[in-house]
Amino acid sequence: LRLWKTQPVGIDMDRFNKGDYASVTYNEGIAGLISKVLYPNDNHLEGKMLRLRQQYFLSSASITNIVRKHLSNHESMESFAEKNAIHVNDTHPTLAIAELMRILMDECGYDWDSSMSIVRQTFSYTNHTVLPEALEQWSVDLVKTVLPRIYQIISEIDSRLIVELRNRFGDDRAKIEYMRIISAGSIKMANLCVYVCHSVNGVSEIHSRIITEQLFSDYYYYTPSKFKNVTNGIDYRRWLLQSAPELTDLLSLTIGDEFKHNALALKKLEAYVQDNTILQALLDVKHQSKLRLAGYLNKSLEYPLNPDSIFDLQVKRMHEYKRQHLNALQIVYRYLRLKDGYSSDYLPHTYIFGAKAAPGYYYAKQMIRFICGLERLLEKDLALRDMLRVVFVEDYRVTLSEILIPAADVSEQISLAGTEASGTGNMKLMMDGAITLGTLDGANVEILRAVGEENFLLFGMTEHEVNHIKWYEKYEPGRYYTEQPEIKATLDFIKKGFESEMFEDIYNLRYHDPYMVLADFSSYIEAQNRIDSLYGNPLNWAKMSLMNTANSGIFSADISIGNYAKNIWDISPINS
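Residue numbers are given in the working numbering: position 264 of the sequence shown equals residue 264, and the series is strictly consecutive.
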């Protein structure tokens, strides 16, 4: 894995001496720009062209480097696939497939069939999402203009695929059109990966099932043997040993040090689930982590956080399908209840958000604006802010997560069922003792199975129920607004605005709700209310926390990488 840097090959002295300084400077600037800022906004042509150049440059540089290393140790490319495994991680590096074909044919002199055989044996593909925006499609005209030789190669792959599909499926034009790589003026990068690569996998059990039953169902029927599952894993030595030193020390004293090199040894902690001394020690460790986080966040707050409140954490990319706005709507509802005098029903809560939105993602920006407005509203309410706080953490990043995650009591994993491929934040939070509040989505399914329903806060529709509404009923969010008073009260409050701002995009959920926030709202409220009753019994909450940590070892990246190595890359560990 490398970050490559572009630089111009040199000044065009003929143009320079003719006084064409602007052209020379422009070309130098374009060359440097390719690696200057990654992932530019691509809601305009210039951004799309720069992204395409970036993807080709990074892929080409990596492939060239791998080929150069191989040829420095081997006489030819015949053994390339035996000695090299190249993994396409989502669709962004897909151009590497065509680039290796180009090198094999144009620079090494192999024919098409020999080149494709090497490429097929070399490349594997992991799909990380079912969302359309991550399944890249590039305009044929754009690729033709920017990468003409690469387009020729992709076009030839598509032509040969069509012949194969006709031999297999006859004149089933709809199926062939859906499976082909170039269709309706676009190049489907995911289809290119699935067709060429020798292995295709999802990153959780439910996700891998979705890609075989829905997303790539025709390809699964065509070549079922290449489809696999490898559930995501986390670098637990960073997220436990480094980020949660107090918890790590307690674990060492309790179950020994084996877990530091074998995460499955965390299972030994289960033997102490009835040990009140250990349970109290876990509560004390969590409190220390909360004090550390409060100390960090208090630097930017006028009023200090209460470390005795429930720290409810939602840290992840800001996106509609992750439904940070569902969390925020629930906070508004809780605020209105507190205003109506229901304080005896609730314990103090601190809701902490951390996220970044893509630069051109308008609705995600509106979600951030809404949450920040809610934060200001609550900060000014002197009567309630000891009971209800919202903090939107600035400049969310991995190093900050190392402070946030160990301090969480509750882990918000509330995406609409069937939209989250896996998640890894859910695993990190689970390992550090947070209780998952989540839907049956992504790796939540495996977390629930590992810890048991009594140690997981489950809510919301299942994927089957979501699909039934989506495909067999017409989802009408306005009906929930009309029939459920808690939704009506919440949205009506938002409609009036607060903190001198209006939040029409959030209120308009009653008309347009693609991720079914309102359908899951009541179930989510019930789950949030369960938190109050469960947290009110500290030792019982500590038992739930212990069971989460004890059963988190299955999500070690050691296991995930071992599965990739054995089942996809065909490599074995070397004992040093």
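Ideal Cβ placement from N, Cα and C applies to all residues, glycine included.
Residue i burial status per 10 Å Cβ neighbour count (16 or more: buried)
{"i": "residue 431", "result": "buried"}
{"i": "residue 313", "result": "buried"}
{"i": "residue 460", "result": "buried"}
{"i": "residue 226", "result": "buried"}
{"i": "residue 374", "result": "buried"}
{"i": "residue 249", "result": "exposed"}
{"i": "residue 54", "result": "buried"}
{"i": "residue 477", "result": "buried"}
{"i": "residue 308", "result": "exposed"}
{"i": "residue 279", "result": "buried"}
{"i": "residue 39", "result": "exposed"}
{"i": "residue 497", "result": "exposed"}
{"i": "residue 455", "result": "buried"}
Residue i to residue j span [Cα, whole Å]
{"i": "residue 193", "j": "residue 331", "result": "42 Å"}
{"i": "residue 353", "j": "residue 390", "result": "8 Å"}
{"i": "residue 125", "j": "residue 87", "result": "6 Å"}
{"i": "residue 230", "j": "residue 199", "result": "11 Å"}
{"i": "residue 350", "j": "residue 410", "result": "10 Å"}
{"i": "residue 348", "j": "residue 360", "result": "36 Å"}
{"i": "residue 513", "j": "residue 475", "result": "9 Å"}
{"i": "residue 149", "j": "residue 50", "result": "18 Å"}
{"i": "residue 393", "j": "residue 469", "result": "35 Å"}
{"i": "residue 402", "j": "residue 299", "result": "17 Å"}
{"i": "residue 24", "j": "residue 565", "result": "48 Å"}
{"i": "residue 296", "j": "residue 17", "result": "58 Å"}
{"i": "residue 123", "j": "residue 270", "result": "41 Å"}
{"i": "residue 344", "j": "residue 457", "result": "22 Å"}
{"i": "residue 220", "j": "residue 179", "result": "11 Å"}
{"i": "residue 217", "j": "residue 211", "result": "7 Å"}
Same chain, Cβ closer than 7 Å to residue i, five either side skipped, listed in chain order
{"i": "residue 303", "result": "379, 385"}
{"i": "residue 425", "result": "315, 316"}
Sequence-distant residues of its chain with Cβ nearer than 8 Å to residue i (five each side left out)
{"i": "residue 450", "result": "551, 552, 554"}
{"i": "residue 486", "result": "333, 521, 522, 525"}
{"i": "residue 182", "result": "140, 154, 155, 158, 188"}
{"i": "residue 43", "result": "360"}
{"i": "residue 535", "result": "310, 347, 409, 541"}
Span of the alpha helix (DSSP H) around residue i
{"i": "residue 327", "result": "324-339"}
{"i": "residue 139", "result": "That residue, residue 139, is in no alpha helix (DSSP H); its beta strand (DSSP E) goes 137-139."}
{"i": "residue 469", "result": "463-472"}
{"i": "residue 314", "result": "Premise fails: residue 314 lies in the beta strand (DSSP E), 310-315, not in any alpha helix (DSSP H)."}
{"i": "residue 207", "result": "205-210"}
{"i": "residue 228", "result": "Unbroken run through residue 228 is the beta strand (DSSP E), 227-229; no alpha helix (DSSP H)."}
{"i": "residue 529", "result": "517-535"}
Distance cut-off 8 Å: residue i Cβ against heavy atoms of the ligand FAD
{"i": "residue 78", "result": "This structure simply doesn't include the ligand FAD, nor any ligand for that matter."}
Residues near residue i by beta carbon distance below 6 Å, same chain, minus five either side
{"i": "residue 365", "result": "357"}
{"i": "residue 8", "result": "28, 31"}
{"i": "residue 185", "result": "140"}
{"i": "residue 241", "result": "248"}
{"i": "residue 462", "result": "417, 440"}
Limits of the unbroken beta strand (DSSP E) element including residue i
{"i": "residue 438", "result": "435-438"}
{"i": "residue 200", "result": "200-202"}
{"i": "residue 349", "result": "349-354"}
{"i": "residue 389", "result": "388-393"}
{"i": "residue 300", "result": "Run containing residue 300: none; DSSP gives neither H nor E here."}
Quiz item: Using 8 Å as the Cβ pair cut-off and three pairs as the minimum, do the stretch 504-519 and the stretch 473-491 touch?
Solution: yes
Quiz item: Would you call the stretch 318-329 and the stretch 404-415 touching, i.e. three or more CB-CB distances under 8 Å?
Solution: yes
Quiz item: With contact counted as at least three CB pairs below 8 Å, one residue from each stretch, are the stretch 541-559 and the stretch 250-268 in contact?
Solution: yes
Self-check item: Stretch-stretch touch, CB-based, cutoff 8 Å, three pairs: the stretch 197-215 with the stretch 528-548
Solution: no
Quiz item: Does the pairing of the stretch 531-550 with the stretch 430-445 give three or more beta-carbon distances under 8 Å?
Solution: yes
Practice problem: Could you tell me whether the stretch 178-196 touches the stretch 88-105, using the rule of 3 or more Cβ pairs below 8 Å? | Solution: yes
Quiz item: For the stretch 62-73 against the stretch 158-171, are there 3 or more C-beta pairs whose distance is under 8 Å?
Solution: no
Quiz item: Touch check for the stretch 236-247 and the stretch 392-410: three-plus C-beta pairs under 8 Å?
Solution: Short answer: they touch.
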